[in-house]
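Residue numbers (our numbering), protein chains in the order written: chain Z, 2 to 217; chain E, 2 to 217. Input: a single structure, listed below in structure tokens.
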């Protein structure tokens, strides 16, 4: 556990990023629910979405406690995160669950990696808003069903997952360039190993793809 | 409090109606959040939406406990509720909050009226999923702001509210015609006063309209 530190502006930057990520993930998953093939799955995706908003509230409350209006802390991420979602609009249910599976997991891995650059209670808070694993299991099971029903789907979803990662990296680069304090927090913190970070994110992603029958 | 009774098929009908109402209200409000003029309001509407899904889960669990798959209980309402929302797609933020304000309140009034036709624990459950009043207050405040900013908005929103009620009644009529057991449960139960029901729903709606500066 890190020692408690006084949060600097970079902390609000990071909490704002995670908060807006939750808010937008909520909206997009809720919107994607209409692509579900039945009411059971439609409700399941809506419940996954709703879990994001509870996390959003905790992050927004912490920002308010730090004296930063949540909307100010989130504003810098509006354009890049919106661009990510706009450029990765799922066309069917298999793409919806693949996007949730890939996106949530990479987000969680990233948060876990950079959490150590934060002092408590912010470190504890961001670790606490990681996604519930039962949702990842639901998404993984749906991908396996889609691939089992039609093996050609594996190729299409593998390509889709590569596009998701590509678009996410491109927008992450944009955020890193624009938010100097945030980038410095992550890059200059001895507790975060930046070269290792990308290596580990990529390795974990590859393992997850294989686990649902997709290739990287 | 009513005496506990063995729930008949009409109970599953009613729980299915309320459950699907929650699920669809969730989806629509989450989708409408994109019309919010700023991030604070966008988050507020998303949180209102998320509250619906928690209620959905409780109703779905109760249906499962009664031996009825929630998707079966909800299926009859898919077409009419979808038709209601499709025909009342808000075009701007003022219409979004007016739809939430009018729709949630009439739904709650209706549930309160028919709850007495249910035995416990179903009666307690449906009374428990009524909307949180702080959301109604949020929506009412937003309508007042819109009307104060431009008095002509009051006419447009009054007309919009009449359309919402008209479309809701039209779809409610369709449900009543198709779901005989549900209609019988409500109409034949001594504890529910049907002519009074419509009178009271209308009177409460008129009072709510006036409270935000709209006319009926």
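Glycine included, each C-beta is placed from N, C-alpha and C at the ideal position. Since the structure is predicted, the reported quantities are computational estimates derived from the model, not experimental observations.
Within chain E, the residues placing a beta-carbon under 8 Å from that of residue 75 of chain Z are 40, ordered along the chain. No Cβ-Cβ contact shorter than 7 Å links residue 28 of chain E with residue 88 of chain E.
The alpha carbon of residue 209 of chain Z has as its nearest neighbour, out of Z:128, Z:104, Z:94 and Z:115, the alpha carbon of Z:104. In the three-state reduction of the DSSP assignment, residue 131 of chain Z falls in the coil class, being assigned neither a helical nor a strand state. Here DSSP, grouped into helix, strand and coil, assigns residue 24 of chain E to helix. When only Cα atoms are considered, residue 121 of chain E and residue 201 of chain E end up about 24 Å apart. By the 16-neighbour rule on beta-carbons within 10 angstroms, residue 172 of chain Z is buried. The residue among E:141, E:119 and E:35 with its C-alpha nearest the C-alpha of residue 90 of chain E is E:35. Ranked by how close their Cα comes to the Cα of residue 156 of chain E, the residues E:216, E:26, E:24 and E:50 have E:216 in first place. Residue environment for residue 138 of chain E: exposed (fewer than 16 other C-beta atoms within 10 angstroms of its C-beta).
DSSP places residue 156 of chain E in the uninterrupted alpha helix (DSSP H) bounded by 153-179. Residue-level contact by beta carbon holds for residue 51 of chain Z and chain E, with a gap shorter than 7 Å. Chain Z places a beta carbon closer than 7 Å to that of residue 24 of chain E, counting this residue as a contact. Here DSSP, grouped into helix, strand and coil, assigns residue 122 of chain Z to coil. In the three-state reduction of the DSSP assignment, residue 73 of chain Z falls in the helix class, which pools H, G and I.
A direct Cα-Cα distance of roughly 12 Å separates residue 110 of chain Z from residue 130 of chain Z. Interface criterion met: the Cβ of residue 32 of chain E is under 7 Å from a Cβ in chain Z. Under the three-state reduction of DSSP output, residue 17 of chain E falls in the helix class.
With fewer than 16 other Cβ atoms inside 10 Å of its own Cβ, residue 38 of chain Z counts as exposed.
In this structure the region 12-26 of chain E lies against the region 175-190 of chain E, because at least three pairs of beta carbons, one per stretch, are closer than 8 Å. Rounded to the nearest whole angstrom, the CA to CA distance from residue 136 of chain E to residue 98 of chain Z is 31 Å. In the same chain as residue 179 of chain Z, and ignoring 5 residues on each side of it, the C-beta atoms closer than 7 Å to its own belong to 77, in chain order. Residue 62 of chain Z has its alpha-carbon roughly 33 Å from the corresponding atom of residue 63 of chain E.
The straight-line gap separating the alpha-carbon atoms of residue 213 of chain E and residue 203 of chain Z is approximately 54 Å.
Annotation for residue 45 of chain E: 139 place their beta carbon closer than 7 Å to its own, counting only its chain and skipping 5 residues before and after.
Annotation for residue 128 of chain E: 112, 113 and 116 place their beta carbon closer than 8 Å to its own, counting only its chain and skipping 5 residues before and after. Boundaries for residue 216 of chain E: no alpha helix (DSSP H) harbours it, and the DSSP string shows neither H nor E there. The Cβ of residue 47 of chain E sits closer than 7 Å to at least one Cβ of chain Z.
Contacts with chain E at 7 Å (Cβ-Cβ) do not include residue 115 of chain Z.
Where residue 109 of chain E is concerned, the enclosing alpha helix (DSSP H) starts and stops at 94-115. Counting only residues of its own chain and dropping the five nearest sequence neighbours on each side, residue 205 of chain E has a CB closer than 6 Å to the CB of 110. Secondary structure at residue 67 of chain Z: coil, using DSSP grouped into helix, strand and coil. In the three-state scheme derived from DSSP, where H, G and I count as helix and E and B as strand, residue 90 of chain E is classed as coil.
Distance between residue 159 of chain Z and residue 86 of chain Z, taken at the CA atoms: about 18 Å.
Within its own chain, the residues whose Cβ lies closer than 8 Å to the Cβ of residue 147 of chain E, once the five positions on either side in sequence are excluded, are 94, 95, 98, 154 and 158, listed in chain order. Within the same chain, Cβ atoms closer than 8 Å to the Cβ of residue 52 of chain E are found at 132, 133 and 136, the five residues on either side in sequence being excluded.
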